[in-house]
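Engineer:
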Amino acid sequence: MKRGLRLGDRIILIAAGFFFITPFLAAGEYSLRGYGGKGHTWANYTWIFKQLGFGPALFTSLRIAALSVALLLVLMIPTVVYVQLGGRRWARLVEILCLLPIVIPVVSLAIGAQVAMPKALQSTSYELCFFYVIVAMPYVYRALDIGLQSIPLQTLVEASQSLGASWFTTLRRVILPAIASAMTGALFITIALTLGEYTLASLLHFRTFPTWVTNVSQENILGAVALSVATLVGAWLILLILAFIPKFKRNRKGVLAHG
Amino acid sequence: MAKDMHGSTVEFEHVTRSFGTVKALNSFSLTLNPGELVTLLGPSGCGKTTALRILAGIDREYSGKVEIDGKSMKNVNASQRNIGMVFQAYSLFPNMTASENVQYGLRVRGVDSAKREKRADELLEMVGLSTQANRRPNQLSGGQQQRVALARALAIEPRVLLLDEPLSALDAQVRTTLRDEIRRLQTRLGITTLFVTHDQEEAMAISDRVGVMNHGNLEQIDVPGNLYNKPKSTFVAGFVGLTNRIPALVESKGEVMVLNQILEISEHSESVKKGEEVRALVRPENISVEKSSSAFTSTVITKSFLGPMTRVGIDVGMDELIYAEMSSKEAKKLDTGDSVKLHIATEAVMVESV
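Protein sequence lines, in the order shown, are assigned to chains A and B. So for the first sequence, the numbering used here puts the first residue at 1; every next one is plus one. So for the second sequence, the numbering used here puts the first residue at 1; every next one is plus one.
(1) Less than 9 Å between CB atoms is the rule here; does VAL108 of chain B satisfy it with respect to chain A?
(2) Would you mind sorting LEU93 of chain A into buried or exposed? The rule is 16 or more other CB atoms within 10 Å of its CB.
(3) I'd like to know whether the C-beta atoms of ASN77 of chain B and GLN161 of chain A end up nearer to each other than 9 Å.
(4) ARG175 of chain B to PRO177 of chain A, Cα distance in whole Å?
(5) Under 8 Å Cβ-Cβ, which residues of chain A neighbour SER353 of chain B?
(6) Would you please state the rounded distance, in angstroms, between the beta carbons of ALA24 of chain B and GLY216 of chain B? I believe it to be under 8 Å.
(7) Taking a cut of 8 Å between CB atoms, which residues from the region 144-157 of chain A lie near chain B?
(8) For ASN229 of chain B, does the three-state DSSP call read helix, strand or coil?
(9) Assuming MET309 of chain B is part of the alpha helix (DSSP H), what are its boundary residues?
(10) Specify the secondary structure class of ASP338 of chain B as computed by DSSP and reduced to three states.
(11) What is the residue span of the beta strand (DSSP E) that ALA159 of chain A lies within?
(12) Among the residues of its own chain, which have a CB less than 7 Å from the CB of SER293 of chain B, if the five just before and after it don't count?
(13) Pull out every residue of the region 46-78 of chain B whose Cβ sits closer than 9 Å to any Cβ of chain A, in chain order.
(14) Using a Cβ cut-off of 7 Å, pull out every chain E residue sitting near TYR323 of chain B, in sequence order please.
(15) Between B:ILE265, B:LEU249 and B:VAL300, which has its C-alpha nearest GLY275 of chain B's C-alpha?
(16) Using C-beta distances below 8 Å, list every residue in its chain close to ILE11 of chain A, excluding the 5 sequence neighbours before and after it, in chain order.
(17) Assuming VAL196 of chain B contacts LEU32 of chain B under a Cβ cut-off of 8 Å, what Cβ separation, rounded to an integer in Å, is found between them?
(18) Going by C-alpha to C-alpha distance, which of B:PHE28, B:GLU267, B:GLU285 and B:ASP199 sits closest to VAL66 of chain B?
(19) Give the DSSP-derived three-state secondary structure of MET183 of chain A in the structure shown.
(20) Determine whether the beta carbon atoms of THR231 of chain A and LEU195 of chain A lie at a separation below 9 Å.
(21) Which runs of the beta strand (DSSP E) at least 3 residues long sit entirely within the region 252-320 of chain B? Give them in chain order.
(22) Is the Cβ-Cβ distance between SER288 of chain B and MET326 of chain B less than 9 Å?
(23) To which residues does DSSP link ILE246 of chain B through a beta bridge?
(24) Under 6 Å Cβ to Cβ from ILE206 of chain B, same chain only, skipping five residues before and after it: list those, please.
(25) According to DSSP, is ASN82 of chain B helix, strand or coil?
(26) Here's the rule I'm using: 16 or more other beta-carbon atoms within 10 Å means buried, otherwise exposed. How should ARG172 of chain A be labelled?
(27) Between the region 222-239 of chain A and the region 94-109 of chain A, can you find at least three pairs of beta-carbon atoms closer than 8 Å?
(28) Output the boundary residues of the beta strand (DSSP E) element that contains VAL349 of chain B.
(29) Who are the near neighbours of TYR132 of chain A in its chain, counting only those whose CB is closer than 6 Å to its CB and skipping five residues on each side?
(30) Of the residues that make up the region 172-206 of chain A, which ones have a beta carbon closer than 8 Å to any beta carbon in chain B?
(31) Count the other CB atoms, across all protein chains shown, that sit within 10 Å of the CB of MET318 of chain B; report buried if there are 16 or more and exposed otherwise.
Structure representation (structure tokens):
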């Protein structure tokens, strides 16, 4: 039988919701105020789109986010699968390596990695992808590791191979779908981190969405708040769409299967 | 329908597999004839699962020869062996329905979807799950999941079927039903099958032959009846079925005194000397019990009803009870606390050193 939430749980949920939603609603209301705080208007939002560089900066950030996600998943999924399956003795080393980005100051990381970067990539915005991969690695490793620990990985792999599947097929048809939620989590973390990262982009003089936001915000305080609200809503929308894609695909598949 | 699977011959020849200093398999040799169901039985760590994994191709770090139909498997990957396997842990792919799970091996082989679906329907019907075809693993019971796993293993028309303790996670009733179902399907399809279990009742009930393993060695392989009645080592005698280990004294080279009876020492016993204190291995059904009022008697301590048979535990003044089995009708005459006299109703017993 489906059990409803207890009173205590509801109170905590409502309190937590209130804690998060109140500042957001306040910011939303503030961003709609007219000049001198009088009346309400969409002017602060329309102001955003009129600012020079909005489109290119957003596009650059989205492009870097997509590339970072792709790079991270290609790098981390086989690594975590390997560590889980047969390379447990490497687990500690991999964990330490993945924790390093948290303890190394971003400035040191930026300078060190900049020096080590191949010349062809230096001073292109693609350079940032590699930095973001390093920065997001601890969180992505944890998300994938937990996802893989929650399934009987070894048995699934052996079952798949005994049925004639290659490693690639096993990864594509069995492992990845089985850890879809962990991958979505890793995806969210990387996108959120990439779209909001300011320090590295600013230090290396790249014009990404966060650096553009910082620059234009200095001219108009109400516009800056509107921009923050719009960015937050935009990020939520992207994550919501990503979260619903697997469900949509599943439903579509279900309809076709019965049709 | 998968009717004409041809059983293959499987051969292990002096296969050795070590993990560090531990030999999981020690010069293990075994031949499975086409269509035969052989069970490897033994305690945990005896090497039975290692043998199965080597045959599956999951473990390839061994020395010796493994052949299927005369072809060496040394350089053949697990995915190329065409061996169906059912695992102890539930191994259905969680993102797929029961039908999709069954179709998986065929999909990998590039079989078109119409044929795949037809075959999955047939196999699911064969294992009695045609109405559950669209359910995901988390919507199926443990027994149903293992049935789907069996259908999935059979879908690829494997040369050999490997069953790695597939019933151990199930409750007793489901286990018995599924065990009989596996045997029925295996006989019908004529597929060579290697079954691994630590449950001797399961092994005896399902197999053409049972191999008892201990410390990486195949102690004995025989039909279930012979294994029980003519064990070739004290380990097999002790592991298969219930055995009383009764203190005894070697009277002469071929005779031993057990419970005041002189009995022959059977072949395959450990070598013992005259005057040596040993243990005699006696099956409960070979001990007869009758009420007695004499001074040197024993006492009935426990009575366990087992359906047509009853097991009686008797205190004869040793550390452990001696168990005797008799028909439940006969056992009605006995009550706990009764004084009884024991008689070993066999001419020869196996003995082991203390």
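Glycine included, every Cβ here is placed at the ideal spot set by N, Cα and C.
Structural biologist: So, from the listed chains and residues:
(1) The Cβ of VAL108 of chain B sits closer than 9 Å to at least one Cβ of chain A.
(2) Sixteen is the threshold: since fewer than 16 other Cβ atoms of the shown chains lie within 10 Å of the Cβ of LEU93 of chain A, the residue is exposed.
(3) Between ASN77 of chain B and GLN161 of chain A, the C-beta gap is smaller than 9 Å, which places the two residues in contact.
(4) ARG175 of chain B and PRO177 of chain A: Cα-Cα distance of roughly 31 Å.
(5) By Cβ distance, chain A contributes nothing, its closest Cβ being about 42 Å from SER353 of chain B, past 8 Å.
(6) Taking C-beta atoms under 8 Å as the contact rule, ALA24 of chain B and GLY216 of chain B qualify, at a distance of about 5 Å.
(7) Here the close residues are ILE151, PRO152, THR155 and LEU156.
(8) ASN229 of chain B falls in the helix class under three-state DSSP.
(9) Element bounds for MET309 of chain B: not the alpha helix (DSSP H) but the beta strand (DSSP E), 309-315.
(10) Coil, per DSSP.
(11) Unbroken run through ALA159 of chain A is the alpha helix (DSSP H), 153-162; no beta strand (DSSP E).
(12) Beyond the five residues adjoining it in sequence on each side, SER293 of chain B comes within less than 7 Å, by CB distance, of SER339 in the same chain, given in chain order.
(13) Cβ contacts with chain A come from ARG53, ALA56, GLY57, ILE58, ASN77 and ALA78.
(14) The structure shown contains no chain E; the protein chains it does contain are A and B.
(15) With distances taken between Cα atoms, GLY275 of chain B lies closest to B:LEU249.
(16) Within the same chain, ILE11 of chain A has no close Cβ partners at all.
(17) In fact, because the Cβ distance is near 13 Å, the residues do not count as touching under 8 Å.
(18) Cα-wise, what sits closest to VAL66 of chain B is B:PHE28.
(19) DSSP places MET183 of chain A in helix when its eight states are reduced to three.
(20) Contact: yes.
(21) For the beta strand (DSSP E) assignment, the uninterrupted runs of no fewer than 3 residues enclosed by the region 252-320 of chain B are, from N- to C-terminal side, 255-258, 261-265, 277-282, 287-291, 298-306 and 309-315.
(22) Contact flag set, yes.
(23) Answer is B:ALA280.
(24) Excluding residues up to 5 positions away in sequence, ARG179 and ARG183 lie with their Cβ nearer than 6 Å to the Cβ of ILE206 of chain B in the same chain.
(25) In the three-state reduction of the DSSP assignment, ASN82 of chain B falls in the coil class.
(26) With fewer than 16 other Cβ atoms from the protein chains shown falling within 10 Å of its own Cβ, ARG172 of chain A counts as exposed.
(27) The answer is no - the region 222-239 of chain A does not touch the region 94-109 of chain A, with fewer than three Cβ pairs under 8 Å.
(28) For VAL349 of chain B, the enclosing beta strand (DSSP E) has its first and last residue at 348-353.
(29) For TYR132 of chain A, where only same-chain residues beyond five positions count, the Cβ hits under 6 Å are SER68 and THR194.
(30) Going along the region 172-206 of chain A in chain order, one finds ARG173, VAL174, PRO177, ALA178 and ALA180 with a Cβ nearer than 8 Å to chain B.
(31) In the assembly as shown, MET318 of chain B is an exposed residue. Its beta-carbon has fewer than 16 other beta-carbons within 10 Å.
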